[in-house]
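Novice: Below are the structure tokens for one structure; questions will follow.
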Amino acid sequence: MVATLRPKSGPARSYRFPTFSDERLPSGLRLLTAPVSKLPVVTMLVLVDAGSANDPAGKEGVAALTAGLLLEGTAQLSGAEISEKFEKLGTSAESGADWDSAFVKLTALSDHLEDAATLLGQILQRPAFPEREVERLKAERLAEILQLETEPRGLADEKFSEFLYSPDSRYSKPDEGNSKTVSALSRTDVENFFRANYRTGSTTVILAGDITPESARALVEKAFQNWSPGTAESQRLVATARTSQKSFHIVDKRDAPQSELRVGHVGLPRKIPDFFPTLVMNAVLGGLFGSRINLNLREAHGYTYGASSFYDWRRGPGPFVVSTAVQSDVTAPALREILLEIERIRVKQISDEELSLARDYLDGVFPIRYETTAAIASALATLVIYDLPADYYDTYRNNIRGVSVAAVLKAAQAHLHPDLLQTIVVGDARAIKDSVGELGLGDVQVHHS
Amino acid sequence: MRIPVETFRLDNGLFVTLSEDHTAPIVAVNLWYHVGSANEKPGRTGFAHLFEHMLFQGSAHVASNEHFEMIQRAGGTLNGSTWLERTNYFETVPSNELALALWLEADRMGDLLPAMTQEKLDTQRDVVKNERRWSVDNQPYGTMLEKLQELVFPRSHPFEHSLIGSMEDLSAASLDDIAQFFVTYYTPDNAVLSIAGDFDASEARALIGEYFGPIPRGKGKPPLPPMTLPPVFGSPLREVVEDDVSLPRLFMAFRSPVFGSDQYYAASIASALLGMRKGSRLHRALVRERQIAADAGAFTLDLAKGTDLLVVDVTARPETPVAQLEEEVEREIDLLHRDGVSEEEVRRAQALIETDLIASLQSAGERADRLSMFATYFGRPELINEQVDRYRAVTAKKVNELVKERFGEDNRASLIYVPREGVETENLLAAAVGAG
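Chain order of the listed sequences is A and B. Per this note's numbering, residue 1 is the first one in the first sequence, and the count goes up by one each step. Per this note's numbering, residue 1001 is the first one in the second sequence, and the count goes up by one each step.
Structure representation (structure tokens):
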């Protein structure tokens, strides 16, 4: 017989997010270093203010293509030689673009860091953007777009953005571009984008792991001595809703065993005064396993393997979305439960138990999030990208603990908009069309992909 | 670099490994039960995994879903997973909540059955059926693992049937099956408990003794049927699957030495030099140079009994005909089989694997999981500290011996996904080809 009495918590041990240095080098580069010496490992992350939100209109996808091509050749080295050189050092550099930044990152054993950083510096300062590699990466992106046509989850995400934002909004198109915009991109577009955006004043190097700020400084000054000076001009971001009416779209997938559901509206930019109450509110609504939406759809009804809600935080207002996949024959009842949950959290205060579950989880899990050098580097990137205060991580837990049920209700009322909900279903239109018409979610439009 | 490893066994047979690290106030608790889909009875495919779901539905002193709630309330993360040979359950919690995590695991190991009801089983059956729809049936290439198992293992071999199970078998599972399975396999002598992170060893020993000590030893589990297989298939195997996919994709599997054996490390290096990262043979040749593939990789399933599988995974570019995809992959394998590998290629693979091994040990959860794995399969958790050396000991000669034995035409099983007739992709295809 196992002991019946639940154990009590012991005294909590204190934890601090790793201290880090933050400096501007003479060249204009910003450098953040977080020394963490548990294991002989270092993560290096180069962040450039050259994300997909900076794509010029009609050139959607050029930020991602440019970032991808950074490691595909210089005047001296081919892409194949670059991969080989990194891999012999036991590391591989990876590059790409998110909405708000371009990045290049690698994790290396401390013994190889200097060689890897020097190599990375050489390559990033002189990318040649070989024509052949430009065309290859475009073709690989087009293959990926084609794959999405038969991948219900990705397709639902993409269609949701398309129906959520006005066509002139950058967020209405995929961050890596669609088949039309990608097909039209040229080597010149890439070169122009690189020249305009990759500057010292727009670049931050982050090092986390087995390294000191002094050696990081020496390393980065040497490796990046020829980076173009200046600061890029930032683009004005358009991110407006496509409609102020509720609307309902079915993307038809014959005989689909499940419906992929996305329900939501244009959300919030990352930097808002009531970020913490909103975070806790969403945790209660659909951000945790024990959230209302998951417990309702999965554990009470068995409609799904999982259901969640989230704000997709970006510099501009990214989507707020409830996301799940349910068996086709319960599409309408599942949607009804989602609507009820969105309404319910706006009308009545959440219980103290619900508040403490979300708050204690977000507070307690904090140290678990920063176990690895890669996670620490990425946390520092968040500070840089969203221009958050240097003590953001030191005050994070207090800010979470300070959220009240009243603040959660206020956040729900301010930031959830049942009247603006856009619903996208990727599923079998014949099987679900009639039953979803009565939900009051707007006129049902069926699209054949 | 070595991580500390301490072990002991309780009288009831529970094997325990402890690994202290006080750099952050975090502790990981990890349990491996030595039971997986391989132990399922005919007509009950998917049962081990369905059972894993039921373990979150409460036990004698824990209400349904309360396990999840209590750990999350404590600021912890948790989950479970099922594989062919084992099922694991794990949580990472603030170090002052170690007792809670251990108590919850002990309550469900010792006292699960009083909490099981038909209603809970019915709901979780629906959840698992939706998991199957989501991850297998409504996902391009989602049937890969079960199709591959069927193709490469002989009928009635314990690895031959689906891990997530068929809809029919899931429907047939009863409460009585749950009770039988629990009594047979969820016993302390069929489990390994690992703790990694910030804890005091003597305190942990006391808690483990108190919570797990009273749980009675099991009555033994039925032996698995013979699992050993010849080193090669004997002749090439091939299956073509028409599915709702946009691009053809080839999975080519080879029987390969079981996880943990000396030869396994040579196979793992062979897999890495074929398909790990962009500098690998397949990526360089098929994606970068010849541009017939959108993606290429290789991996091993890490099976510790019978035979392991090394799998090459190549997705075609839209304009590449299936026949060409197969031909060109075959050619790369022929080349490897005929000419072998160079020391330089082996060193590239070793360097990449070494960095990954060390970087992965940063996380307490990973350390605990690997300790459980080595203890469950080999009774030797300290193997966690020998991995880098085992990989370093692999030479080109050893890889070439492996390659000669395992990469011939008599040891290739090809599973090929092709777009179903009538899938309307022509417009996109034209756009893709036009830009290529």
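Glycine is no exception: its CB is placed at the ideal position from the N, C-alpha and C atoms.
Could you work out which residues of chain D lie near residue 1092(B), taking near to mean beta carbons separated by less than 8 Å?
Specialist: Here chain D cannot be found, since the structure's protein chains are A and B.
Novice: Where in the region 1130 to 1199 of chain B do unbroken runs of the beta strand (DSSP E), each at least 3 residues long, occur, reported from the N-terminal end onward?
Specialist: You should have 1191 to 1197.
Novice: What residues from the region 1017 to 1039 of chain B come within 8 Å of chain A, judged by C-beta to C-beta, listed N to C?
Specialist: The region 1017 to 1039 of chain B vs chain A, Cβ under 8 Å: 1021, 1023, 1024, 1025 and 1026.
Novice: In or out: residue 281(A) buried (at least 16 other Cβ within 10 Å) or exposed?
Specialist: To locate residue 281(A), count along the first sequence from 1; it is residue 281. By the neighbour-count rule (16 or more Cβ atoms within 10 Å), residue 281(A) is buried.
Novice: Counting contacts by CB-CB distance shorter than 7 Å, is residue 1247(B) in contact with chain A?
Specialist: Here the question's residue 1247(B) lines up with position 247 in the second sequence. Taking Cβ atoms only, chain A reaches closer than 7 Å to residue 1247(B), which makes this a yes.
Novice: Is it buried or exposed for residue 284(A), if we count other Cβ within 10 angstroms and need 16 for buried?
Specialist: Position 284 of the first sequence holds residue 284(A). So residue 284(A) counts as buried.
Novice: Quick one: list the residues of chain A neighbouring residue 1075(B), beta-carbon separation under 7 Å, in chain order.
Specialist: Looking up residue 1075(B) in the second sequence gives position 75. Result: 360, 361, 363, 364 and 365.
Novice: Any contact of the region 144 to 158 of chain A with the region 198 to 209 of chain A, i.e. 3+ C-beta pairs under 8 Å?
Specialist: Too few Cβ pairs lie closer than 8 Å, so no.
Novice: For the candidate residues 316(A), 40(A), 370(A) and 394(A), whose alpha-carbon lies nearest to that of residue 241(A)?
Specialist: Reading the first sequence from its first residue, position 241 is the one you call residue 241(A). Checked all of 316(A), 40(A), 370(A) and 394(A); the closest Cα to residue 241(A) is 316(A).
Novice: Bridge partners for residue 105(A) per DSSP, in chain order?
Specialist: Translated into the one-based positions of the first sequence, residue 105(A) becomes position 105. Note: residue 105(A) sits in a beta bridge opposite 45(A) and 94(A).
Novice: Which residues in chain A sit within 8 Å of residue 1324(B), going by Cβ to Cβ distance?
Specialist: Indexing the second sequence from 1 puts residue 1324(B) at position 324. Neighbours of residue 1324(B) on chain A: none; closest Cβ ~15 Å, over 8 Å.
Novice: If we define contact as Cβ-Cβ less than 7 Å, is residue 1012(B) a contact residue for chain A?
Specialist: Translated into positions along the second sequence, residue 1012(B) becomes position 12. Cβ-Cβ to chain A under 7 Å: no for residue 1012(B).
Novice: For the alpha helix (DSSP H) that contains residue 252(A), what are its first and last residues?
Specialist: Numbered from 1 along the first sequence, position 252 holds the residue referred to as residue 252(A). Per DSSP, residue 252(A) belongs to no alpha helix (DSSP H); it is in the beta strand (DSSP E), 247 to 252.
Novice: Distance, Cα to Cα, residue 492(A) vs residue 53(A)?
Specialist: Given a span of 1 to 449 for chain A in the structure shown, any question on residue 492(A) remains unanswerable.
Novice: What separation, rounded to the nearest whole angstrom, lies between the Cα atoms of residue 1235(B) and residue 1333(B)?
Specialist: Counted from its first residue, the second sequence places residue 1235(B) at position 235. Counted from its first residue, the second sequence places residue 1333(B) at position 333. One C-alpha to the other measures close to 15 Å.
Novice: Could you pull out every residue in the same chain whose Cβ sits closer than 6 Å to the Cβ of residue 1294(B), ignoring the five residues on either side in sequence?
Specialist: Stepping through the second sequence from its first residue, residue 1294(B) is reached at position 294. Counting only Cβ-Cβ distances below 6 Å, and skipping sequence neighbours, we find 1315 and 1317.
Novice: I need the DSSP call for residue 370(A), collapsed to helix, strand or coil.
Specialist: Taking the first sequence and counting its residues from 1, the one referred to as residue 370(A) is at position 370. Note: residue 370(A) maps to helix in three-state DSSP.
Novice: Is residue 441(A) a contact residue of the ligand FAD, with contact defined as CB to any heavy atom under 6 Å?
Specialist: Among the components modelled here there is no ligand, and therefore nothing to report on the ligand FAD.
Novice: For residue 456(A), which residues of its own chain have a beta-carbon under 7 Å away from its beta-carbon, when the five flanking residues on both sides are left out?
Specialist: Any answer about residue 456(A) is impossible in this case: the structure gives chain A only from 1 up to 449.
Novice: Is there a Cβ from chain A that is less than 7 Å from the Cβ of residue 966(B)?
Specialist: Any property of residue 966(B) remains undetermined from this structure, which presents chain B solely from 1001 to 1436.
Novice: Closer than 7 Å by beta-carbon distance: list the chain B residues that pair up with residue 317(A), in chain order.
Specialist: Residue mapping note: residue 317(A) aligns to position 317 of the first sequence, counting from 1. Result: empty, since nearest Cβ-Cβ is about 29 Å, beyond 7 Å.
Novice: Are any of the Cβ atoms in chain B nearer than 7 Å to that of residue 88(A)?
Specialist: As a working note, residue 88(A) is residue 88 in the first sequence. True, the Cβ-Cβ gap to chain B drops below 7 Å.
Novice: Determine, using beta carbons only, whether residue 92(A) comes closer than 7 Å to chain B.
Specialist: As a working mapping, residue 92(A) is identified with position 92 in the first sequence. Yes - at least one Cβ of chain B is within 7 Å of the one on residue 92(A).
Novice: If we count the other Cβ atoms within 10 Å of its Cβ and call it buried at 16 or more, is residue 26(A) buried or exposed?
Specialist: The sequence position of residue 26(A) within the first sequence is 26, counting from 1. By the neighbour-count rule (16 or more Cβ atoms within 10 Å), residue 26(A) is not buried but exposed.
Novice: For residue 101(A), is the classification buried or exposed, using 16 other Cβ atoms within 10 angstroms of its Cβ as the cut-off for buried?
Specialist: Taking the first residue of the first sequence as position 1, residue 101(A) is located at position 101. So residue 101(A) ends up on the buried side.
Novice: For the alpha helix (DSSP H) holding residue 1334(B), just list the boundary residues, first then last.
Specialist: Numbered from its first residue, the second sequence carries residue 1334(B) at position 334. Where residue 1334(B) is concerned, the enclosing alpha helix (DSSP H) stretches over 1322 to 1339.
Novice: Per DSSP, residue 450(A) is paired with what?
Specialist: The structure shown does not extend to residue 450(A), since chain A spans only 1 to 449, so no value can be given for it.
Novice: Look at the Cβ atom of residue 426(A), then the Cβ atom of residue 233(A), and state whether they are nearer than 7 Å.
Specialist: To locate residue 426(A), count along the first sequence from 1; it is residue 426. To locate residue 233(A), count along the first sequence from 1; it is residue 233. Cβ distance not < 7 Å, so residue 426(A) and residue 233(A) don't count as in contact.
Novice: When you compare only the Cα positions, how much space is there between residue 309(A) and residue 1132(B)?
Specialist: Start at 1 with the first residue of the first sequence, and residue 309(A) comes out as number 309. Start at 1 with the first residue of the second sequence, and residue 1132(B) comes out as number 132. For residue 309(A) and residue 1132(B), the distance between alpha carbons rounds to 22 Å.
Novice: Thinking C-beta only, is residue 1193(B) closer than 7 Å to residue 1301(B)?
Specialist: Here residue 1301(B) refers to the residue found at position 301 of the second sequence. Here residue 1193(B) refers to the residue found at position 193 of the second sequence. Not a contact, by the Cβ cut-off of 7 Å.
Novice: Quick one, which residues of the region 146 to 158 of chain A are near chain B if we go by CB-CB under 9 Å, in chain order?
Specialist: Taking 9 Å as the Cβ-Cβ cut-off against chain B, the residues of the region 146 to 158 of chain A that qualify are 146, 147, 148, 149, 150, 151, 152 and 153.
Novice: So residue 1052(B) contacts chain A; which residues on that side make the cut at Cβ distance below 7 Å?
Specialist: As a working mapping, residue 1052(B) is identified with position 52 in the second sequence. By Cβ distance, chain A contributes nothing, its closest Cβ being about 13 Å from residue 1052(B), past 7 Å.
Novice: Please name the residues in the region 1123 to 1139 of chain B whose beta-carbon is closer than 9 Å to at least one beta-carbon of chain A, in chain order.
Specialist: Within the region 1123 to 1139 of chain B, the qualifying residues are 1123, 1124, 1125, 1126, 1127, 1128, 1129, 1130, 1131, 1132, 1133, 1134, 1135, 1137, 1138 and 1139.
Novice: Where does residue 1063(B) sit, in a helix, a strand or coil, going by DSSP?
Specialist: Within the second sequence, residue 1063(B) is the residue found at index 63, counting from 1. DSSP places residue 1063(B) in coil when its eight states are reduced to three.
Novice: Using DSSP's beta-bridge definition, name the partner residues of residue 86(A).
Specialist: Stepping through the first sequence from its first residue, residue 86(A) is reached at position 86. For residue 86(A), which the question treats as bridged, DSSP gives no partner whatsoever.
Novice: By how many angstroms is the C-alpha of residue 1158(B) removed from the C-alpha of residue 1351(B)?
Specialist: Residue numbering aside, residue 1351(B) sits at position 351 when the second sequence is read from its first letter. Residue numbering aside, residue 1158(B) sits at position 158 when the second sequence is read from its first letter. If I take the Cα positions, the gap works out to 35 Å.
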